[in-house]
Amino acid sequence: MITGFAASIVEAWQELRVHKVRVLMSLIGVGVAVCALTLVVGFGNMMQKGLADSYEQQGGRAATYTLSLNPTESEMGESEVEKVRSALDETADRFGISHISAYGQAETTVPGPAGTVSASMYIVDPDFDVMRRLSVDHGRWFTAGDAANLSPAVVADETFLSEYGIDPTSLPATIELSGSPKKTATVIGSVPSSEFQEYGEIYVLNGQEKQFAADAYAVTEFEMWVPPEVGEELSKQVTSDLRRQLPGFDVSADRTDFASDIDETLGPVKNVLLVISILILFMGMLGLLNISLVTIQQRIREIGIRRSFGATSRRIFFSVMMESVVATTIAGAVGVLIAVLVLKAPLVSEFMFDGASTPQVPISAAIVGMLVSVGAGALAGSVPAVVATRVRIIDAIRA
Amino acid sequence: MSRPEPTAAETLLSLRHVSRSVPIADDQLLTILADIDLEVGVGEHIGIVGRSGTGKSTLLNILGLLDAPTTGDMEFAGEPVQKISRNRAAAIRGRDIGFVFQQFNLLPGRTAVENVEAPLMYATGREFRNRRRSAEAMLERLGLGDRIEAKPNRLSGGEQQRVAIARALVREPKLVLADEPTGALDVETGRQVMEILDGITKDSGAALITITHDLGVANMATRQFSLSQGCLHPVLDGATAEALAGESR
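Residue numbers (the UniProt record's numbering), protein chains in the order written: chain A, 1 to 399; chain B, 1 to 249.
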């Protein structure tokens, strides 16, 4: 059995070697088709990944639920803030929620060396960077210990740092804050700027926001990142638990990430491209099948000779099919290689993702390409293989 | 018809009342071979002569298990083979029967050694693993040691037929069937090829059945038969023109 398989591979390779020009011509179509299919799968996955990254930076990862905790009969004072913090800690412990963060927004200005610098301020907790896929280019993100610093910690984007006149590579750096008496904050890290932001952005820890903007309201919204499969049920239980702990608060939880939008956005495009690729693949297979069928008629004598050596019908079938499979596998490998090179080309990354995000070429695209190559070879090879087994030995030898 | 006795002690192949007919138009049957009796001993050399259209190739196909008789009994190495499956026939053919064809039938585009190792692709175990070595050794034995990488289109007719002989013998078969082995060669080359074929089959202990219309080739055999109108007749005094015409009894 193993010998038969090995011998079929050897025979297939010899056949391909002997008829390399014919094989090459017949396989161009298959190679192009596999390349196209791999490109579609690869582009699709990369676009999906790029879009997912972008969506996750904007709305959180799947599944992110935003908890709104508003006191019904009073303002969010210090005692309410403390109650909320304590309730959230207890709930997170109870349900094993590992990532939870405040999420508040306010506008602020800071006096810079060259004038006032305006910025959008995000009030968050240390888990926020993981929950929103924020990558710190220089310096570091918040740690729990930063809450105790007398000089509050700030993570700023490149736009803010540029406007303020700070070189990101020189972090940490001190910035002056508005208000009297004079206060300072420490910029501990920098993140890339959002694409369409008018102002720079800064991130501050929940509880320290008033040092940056005296009129900033205490945060009433908190995000939690939970497994999507249990998210809905968990959000109900969390809501119920928080209502129990926070009487006098209006508690609600809504899913706010954009994961479900990705399929809606990319689905139709991917489907159209996939159909086009399958059509190309089908045409490539038809070309291969056509040439294989013509060739098998020219090889009848050879098949007869092999039968005289003792080749069984099964062996002839397998050998002829393996020729096709080996050939399309090689063509597929070349097609996949070309597709990967195209996907990794800086020009393509620039065109597809504006150079802002360069997702890795998905391994699934290469695997799909190779599997399709083998499958196309087996399908296109099976027809001439059946024809080959039906050849009468005596007629074949005399052909 | 008298049954010819084998000269060798042990019978390798026997045909008893074998016939072969094929359907033609109007539901009629055309009898190609009729009531063939033949016994071939181990290591024996048989020559069968006959003119074109007398059924020589059909007989060779039946002897080589490429075709099955319509009626009659046939044994190969003691095993009844007249009604065996195609896979079993292929197994016996691969292991025990070698073919030498008139047109050499070398695989195009393959070198001499690749052609000779081709039958070993259907072998198993050590025989398969050592195929290249065995093929080279066989080509050396046939005086083609310096031509092992040559492709058929670079070989003379005689060399091509020697490659074909090497291919037929590389699995050390019990029976070699040669169909007009000198038909595509000039007289001198044909004689040399037949001497090689006769000698090498003798050395290896294989039986050789040569089907030919060349009386000289037929007379190299230890026993001769003539095939005429589908019937096989022993030729007792060597193959002659009369025997070829089917007039010798």
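Just so it is clear, CB atoms sit at the ideal spot from N, CA and C, and this is done for glycine as well.
{"Query": "Please report the distance separating the alpha-carbon of ASN61(B) from that of SER156(B).", "Result": "27 Å"}
{"Query": "DSSP puts ASN45(A) in a beta bridge; with which residues?", "Result": "BP columns for ASN45(A) are empty, so no partner."}
{"Query": "Is there a C-beta anywhere in chain B that falls below 8 Å from the one on ALA327(A)?", "Result": "no"}
{"Query": "Could you spell out where the alpha helix (DSSP H) holding ALA376(A) opens and where it closes?", "Result": "363-389"}
{"Query": "Quick one: which residues of the stretch 67-87 of chain B get their C-beta closer than 9 Å to a C-beta of chain A? List them in chain order.", "Result": "ASP67, ARG86 and ASN87"}
{"Query": "Pull up the distance between the alpha-carbon of SER162(A) and that of LEU288(A), whole angstroms please.", "Result": "59 Å"}
{"Query": "Does DSSP put TRP225(A) in a helix, in a strand, or in coil?", "Result": "strand"}
{"Query": "Quick one: is LEU155(B) near chain A, going by C-beta distance under 8 Å?", "Result": "no"}
{"Query": "How would you list, in chain order, the residues of chain B whose beta-carbon sits under 8 Å from the beta-carbon of GLN14(A)?", "Result": "ARG110 and GLU114"}
{"Query": "Would you call residue 255(B) buried or exposed, if buried means 16 or more other Cβ atoms sit within 10 Å of its Cβ?", "Result": "Since the first and last residues shown for chain B are 1 and 249, residue 255(B) lies out of range."}
{"Query": "Just mark GLU15(A) as buried or exposed, buried being the case when its beta carbon has 16 or more other beta carbons within 10 Å.", "Result": "buried"}
{"Query": "Out of VAL187(A), PHE222(A) and ASP254(A), which has the shortest C-alpha to C-alpha gap to GLU233(A)?", "Result": "ASP254(A)"}
{"Query": "Provide the residue(s) that pair with VAL238(A) in DSSP beta bridges, ordered along the chain.", "Result": "For VAL238(A), which the question treats as bridged, DSSP gives no partner whatsoever."}
{"Query": "Report all residues from its chain with a CB closer than 6 Å to the CB of ARG3(B); omit the five preceding and five following residues, and keep chain order.", "Result": "Low local confidence applies: a pLDDT of 44 at ARG3(B) is under 50, so the model's placement there is unreliable, and no value is given."}
{"Query": "Just verifying my parser: in three-state terms, what is the DSSP assignment at GLU198(A)?", "Result": "coil"}
{"Query": "Against chain A, which members of the stretch 120-138 of chain B pass a CB distance test of less than 8 Å?", "Result": "MET121, TYR122, ALA123, THR124, GLY125 and PHE128"}
{"Query": "Under a Cβ-count criterion, where at least 16 other Cβ atoms within 10 Å of its own Cβ denotes burial, should ARG93(B) be classed as buried or exposed?", "Result": "buried"}
{"Query": "Which term fits LEU86(A), buried or exposed, when burial requires 16 or more other beta carbons within 10 angstroms of its beta carbon?", "Result": "In the sequence on display, residue 86(A) carries Ser and not Leu. Answer is exposed; the Cβ neighbour count stays below 16."}
{"Query": "Show which residues of chain B have a CB atom less than 8 Å away from the CB atom of VAL10(A).", "Result": "MET121"}
{"Query": "Any idea which residues DSSP pairs GLU180(B) with across the strands?", "Result": "The partner list for GLU180(B) (beta bridge, DSSP) is empty, contrary to what the question assumes."}
{"Query": "Mapping the DSSP letters down to three states, classify ILE148(B) as helix, strand or coil.", "Result": "coil"}
{"Query": "Relative to the C-alpha of ILE97(A), which candidate in ALA366(A), VAL238(A) and SER349(A) has its C-alpha closest?", "Result": "VAL238(A)"}
{"Query": "Helix, strand or coil for GLN102(B)? Go by DSSP, reduced to three states.", "Result": "coil"}
{"Query": "Counting only beta-carbon separations shorter than 8 Å, does ARG301(A) have a partner in chain B?", "Result": "yes"}
{"Query": "Any heavy atom of the ligand MN inside 7 Å of the beta-carbon of ILE330(A)?", "Result": "In the structure shown, the ligand MN is absent, as is every other ligand, since no ligand is present at all."}
{"Query": "I'd like the list of long-range same chain contacts for THR91(A), defined as Cβ closer than 8 Å, with 5 residues on each side in sequence excluded.", "Result": "ILE97, VAL238, ASP241, LEU242 and GLN245"}
{"Query": "Applying the 10 Å Cβ sphere with the 16-neighbour rule, what's the burial state of LYS56(B)?", "Result": "buried"}
{"Query": "Starting from the Cα of GLU264(A), find the closest Cα among VAL34(A), GLU11(A) and ALA52(A) and give me that residue.", "Result": "ALA52(A)"}
{"Query": "DSSP puts PHE142(A) in a beta bridge; with which residues?", "Result": "None; PHE142(A) has no bridge partner."}
{"Query": "By the three-class DSSP mapping on this structure, what secondary structure does MET74(B) have?", "Result": "strand"}
{"Query": "Identify the contact partners of ALA7(A) in chain B, using a Cβ-Cβ distance below 8 Å as the criterion.", "Result": "MET121, TYR122 and PHE128"}
{"Query": "Please report the straight-line C-alpha distance between MET285(A) and VAL23(A), rounded to a whole angstrom.", "Result": "13 Å"}
{"Query": "Using a Cβ-Cβ distance under 8 Å, would SER308(A) count as near chain B?", "Result": "yes"}
{"Query": "Could you check where the alpha helix (DSSP H) with MET322(A) kicks off and where it finishes?", "Result": "313-344"}
{"Query": "For the candidate residues SER120(A), HIS99(A) and VAL30(A), whose alpha-carbon lies nearest to that of THR328(A)?", "Result": "VAL30(A)"}
{"Query": "What does the alpha-carbon distance come out to for the pair ILE305(A) and ASN115(B)?", "Result": "11 Å"}
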